[in-house]
Structures are given as C-alpha cells and as structure tokens.
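The C-terminal position of the sequence shown is numbered 100 in UniProt numbering, with every residue numbered one higher than the one before it.
Virtual Cβ for every residue (Gly too), placed ideally from N, Cα, C.
Report on the following structure.
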Amino acid sequence: MQKLSKKEAIEHLSRFRAASDSINDDLTNLSSKLLNMLTDLENKLDKTPEEQAICLKLGTLVEDVIRGTISSNEYNNSLWKDYTKVIKALGSSTDGDSNE
1 MQKLSKKEAI EHLSRFRAAS DSINDDLTNL SSKLLNMLTD LENKLDKTPE EQAICLKLGT
61 LVEDVIRGTI SSNEYNNSLW KDYTKVIKAL GSSTDGDSNE
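Here it is, written out as structure tokens:
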C-alpha cells in the first residue's frame, strides 16, 4: 500500500467526513418530508379507507426512516469525535510528511 503524506491523509479523511455528513443530511431531509406528508394525511378529515391504509403504511415507513436517521446521527457524532482526534494527531505529529 502506498504511503500517504499527512496532507493526503487529511484530504481523504475530509472527503470521507463530507460523505458521512451528506448521508446524514439526506436522511434528515427525507424523514422531515415524510413526517410532513404523514401529518397532512393524518389531519385530513373523512379519510377514505384507501387513505387510512396509506396513512398506516406511511406511519410505519416514517418510523423506520426516523430510526435510520437517529442511527445515522449517532454514527456521525461518533465519527466526528474519532475524526477530530485523528486530524489533531496528524497535525501535531512530527514524523515528517509521511503517515505511517
């Protein structure tokens, strides 16, 4: 495996971190939109049987997406702690320009 300079290692970590942030943001946006749809449907008076069935299915989907969003957020928070430690260690290491 090729050795990376500190700068290259930090760039790789930065891209990894950005991808993780993007996934977390996308899940948060998705859960928010689904929750708004469910709320609108639940607040509708005189729902048809089909709308009631859709409401139940959408409720289950929203629960799954919210659980996924919470897990993603917990992962993101954990990653942030580890990422910060590694970046600080790379920045303060005195091993020249290579990352061993």
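- DSSP places residue 20 within a helical segment (H, G or I) once states are collapsed to three.
- Ranked by Cα distance from residue 75, the first of 62, 52, 19 is 19.
- The beta-carbon distance between residue 30 and residue 65, rounded to whole angstroms, is 6 Å. This is short enough to meet the 8 Å contact definition.
- Only residues of its own chain outside the window of five on either side were considered, and among them 4 have a CB closer than 8 Å to the CB of residue 12, listed in chain order.
- The C-beta distance from residue 62 to residue 35 rounds to 6 Å, short enough to fall under 8 Å.
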